[in-house]
Every structure is written in structure tokens, then in C-alpha cells.
Amino acid sequence: MDIKWVPLVGKTGYILAAGALIPTYILNDREIVLVDSGLHYDPGLVSFIRAVGVSVYAVLQTHLHEDHVANNRILINRFGTRIIADAKEVEMVHSASNLRRDWRELRPETKDKYLRTYSYKIESIEDGQEEIVLRGIPFKIVPLYGHSEGHLGYVTPDGVLCTGDAILSPAMAQYSKMPYFEDIGKAIESLNRLLQTDYPYYALAHMEIIEKRDMPGLVKKNLALLERIHVEMLELINDPVTLDELVSSVMYGLGIRFGNETRNAYLKTTISSRVKYLVETGRLRRIEEDGVIRYGKVQRSIYGE
Ligand SMILES: [Zn+2]
Numbered sequence: 154m155d156i157k158w159v160p161l162v163g164k165t166g167y168i169l170a171a172g173a174l175i176p177t178y179i180l181n182d183r184e185i186v187l188v189d190s191g192l193h194y195d196p197g198l199v200s201f202i203r204a205v206g207v208s209v210y211a212v213l214q215t216h217l218h219e220d221h222v223a224n225n226r227i228l229i230n231r232f233g234t235r236i237i238a239d240a241k242e243v244e245m246v247h248s249a250s251n252l253r254r255d256w257r258e259l260r261p262e263t264k265d266k267y268l269r270t271y272s273y274k275i276e277s278i279e280d281g282q283e284e285i286v287l288r289g290i291p292f293k294i295v296p297l298y299g300h301s302e303g304h305l306g307y308v309t310p311d312g313v314l315c316t317g318d319a320i321l322s323p324a325m326a327q328y329s330k331m332p333y334f335e336d337i338g339k340a341i342e343s344l345n346r347l348l349q350t351d352y353p354y355y356a357l358a359h360m361e362i363i364e365k366r367d368m369p370g371l372v373k374k375n376l377a378l379l380e381r382i383h384v385e386m387l388e389l390i391n392d393p394v395t396l397d398e399l400v401s402s403v404m405y406g407l408g409i410r411f412g413n414e415t416r417n418a419y420l421k422t423t424i425s426s427r428v429k430y431l432v433e434t435g436r437l438r439r440i441e442e443d444g445v446i447r448y449g450k451v452q453r454s455i456y457g458e
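With our numbering, the residue at position 300 of the sequence shown is 453, and numbering never jumps.
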């Protein structure tokens with residue numbers, strides 16, 4: 154793929170490289186900022202940036218999933234790039250004891266490999282911090298938790314909100330069977346927060362830019378997808394089931410492939426976040442018997458309460 158820089162508005166644009174649409178901002182005539190660094194390692198990204206004659210001053214991370222950090226190490230090595238993310242995300246990838254629960258159960262070698270991906274300095278954005286100033290230029294921070302614990306959106310000085318994975322693009326909202334979210338309640342809050350924002354452009358993580366007028370429709374599509382998955386999950390529950398039983402019936406029932414150890418951990422996390430949400434919203438109940446936790450459907454009487 155030929156790498157190119159596409160201008161969007163003012164000093165904001167994007168680079169199509171590393172399997173992603175990487176938002177960029179021109180800080181000055183020598184330095185640019187990236188939002189996330191791509192889906193996979195792509196040496197062409199650095200060559201391209203060098204050929205243009207600039208260096209990458211910083212990467213603002215929407216979150217620290219592997220498909221958003223893939224070129225951080227090469228950027229640090231070539232340009233001394235600053236990597237910046239929410240403090241909660243940094244804590245999680247910098248110590249085995251802070252990994253999410255499903256990850257702590259992984260084999261030690263899988264865990265080590267995962268942690269090694271992040272073995273470089275990452276600067277923290279603290280809770281409540283509203284902006285980050287780079288070379289005197291402020292970028293607004295919009296908390297968009299839910300996809301991951303410390304997921305953030307960033308607004309460039311030209312008014313482009315980079316949403317990361319807080320909202321699925323139209324194509325993803327159409328075809329995704331089990332989009333990843335760690336906290337469904339917070340994800341829904343974030344979708345509604347996006348509705349309240351008023352920016353001319355939104356850069357979505359996976360290959361799309363949308364305008365303000367399309368945001369209400371896209372939020373509606375995302376909410377509908379989340380609800381459709383809830384309904385499908387409930388349809389799979391007859392007698393109360395354990396989480397592991399539910400995970401396997403959801404995988405078969407919704408036609409989701411089992412994958413390697415890490416993919417399965419992601420799937421388990423996101424299915425359990427949906428179970429938690431269904432319990433919180435009164436559609437599933439948690440039954441603890443002899444130390445075993447099961448989830449059963451809450452039967453609604455057809456005669457009313
Ligand atoms: Zn992600």
C-alpha cells in the first residue's frame with residue numbers, strides 16, 4: 154500500500170498506514186503528533202515520515218490495546234517519541250499484577266510476551282485532566298471509557314475528535330458479532346457523550362472519518378447492535394448457566410470462532426461485561442449455590458407485577 158498523508162482540516166489530517174487510519178496533527182515545521190500508531194508493525198510508516206522531513210513528537214494513545222500501539226517502539230527508537238495514555242491503562246500494561254482478571258489466568262509465557270509489548274516509557278494522563286499541551290499546543294481530552302478502562306478521545310486544535318474504539322464505524326456496526334467492550338454501561342454512556350459533542354469531524358479508529366451530521370445515526374446503530382447481542386445472549390439461556398458455559402454457547406450460537414489464548418481471553422472479558430450489564434439492568438440474575446455462580450433469566454410475568 155502506498156502510504157500517503159491526507160489533509161482534513163487546518164493542520165489535522167491522517168496517514169493511511171499500518172492497517173489503520175492514523176490521525177495526525179502538524180505541531181510545527183519539524184514535528185507531528187499521531188493519535189495511536191497502527192494495527193500492525195509497518196517500517197514504511199517511519200520511512201514515509203522521514204521522507205517528508207518531520208519527526209513524531211508524541212503519540213496520544215486512545216488506549217493501549219495491541220492494535221493501537223504497533224509502531225510505538227520503532228517511533229521511540231527513531232524519533233524519541235513521547236507515548237502518552239490514561240494512567241489506568243499504563244498501570245495495567247506495566248505490571249503483571251495489574252492485568253485484567255482474564256489475563257492473569259493466561260500462561261506465564263503468553264503474559265510475559267504481552268507485557269514485553271509495552272516495555273517502554275509511557276507517560277500518564279491523570280483522572281480529570283482536561284487537556285494535554287504539546288509544544289505549547291493544547292489537545293482537549295474527552296473521557297470515553299467502556300471499550301477499555303481508560304479509553305480517551307482527543308480533540309485536535311482544528312476540532313477533530315479522534316474517537317478510537319469508543320464507537321464502531323458504520324461497516325463494523327453492521328458486521329461485528331461481538332465487539333469488544335470491558336464495561337457496557339460505561340460504553341453506552343460514552344456513546345451518549347459523543348452525541349452531546351459538537352465537532353465538525355470525527356476520526357474513527359478503523360479507517361473512517363465522519364461528519365457531525367452523521368453522528369446521531371451512527372450512535373443509534375451502535376446502541377442497536379449492543380442491544381441485539383444482549384437479546385441473542387438471553388435467547389441462549391434456558392436453565393441457569395455458569396459464565397464458562399455461557400461463553401461457549403454464545404460462541405457457538407453467534408458463530409464466533411475460538412482463537413488463540415489471547416483472543417479467547419478478550420472474548421471472555423467482553424462476554425462477561427455483557428453478563429454484568431444484564432444483571433445490573435435486571436434482565437439476568439446471579440445465583441450463588443455451593444460456591445458456584447450461575448446466571449438465570451429473570452422471568453417477567455405476562456400478567457404484570
Ligand atoms: Zn481496542
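For each residue, glycine too, the CB sits at the ideal point set by N, CA and C.
All figures in this text were calculated on a predicted structure; none of them were measured in a lab.
Judged by DSSP in its simplified three-state form, residue 423 adopts helix. Under the DSSP assignment, residue 439 falls in the beta strand (DSSP E) whose first and last residues are 437-442.
Between the alpha carbons of residue 320 and residue 437 lies a distance of about 26 angstroms.
Taking the Cβ atoms as the reference, residue 294 lies roughly 12 angstroms from residue 240, outside the contact range of under 8 angstroms. Note: residue 158 is bridge-paired with 168 in the DSSP secondary-structure output. Contact annotation: the segment 372-385 touches the segment 319-334, with at least three C-beta pairs closer than 8 angstroms. Boundaries of the alpha helix (DSSP H) around residue 255: 254-257. Taking 3 residues as the minimum length, the beta strand (DSSP E) runs contained wholly in the segment 199-243 are 208-213 and 235-239, in order along the chain.
With contacts defined by Cβ atoms closer than 7 angstroms, residue 448 and residue 428 form a contacting pair. At a cut-off of 4 residues, the continuous stretches assigned as alpha helix (DSSP H) that sit fully inside the segment 314-345 are 323-328.
Distance check between residue 157 and each of 163, 286, 193 and 204 places 204 closest, using alpha-carbon atoms only.
The criterion of a C-beta distance shorter than 7 angstroms is satisfied by residue 232 and residue 209.
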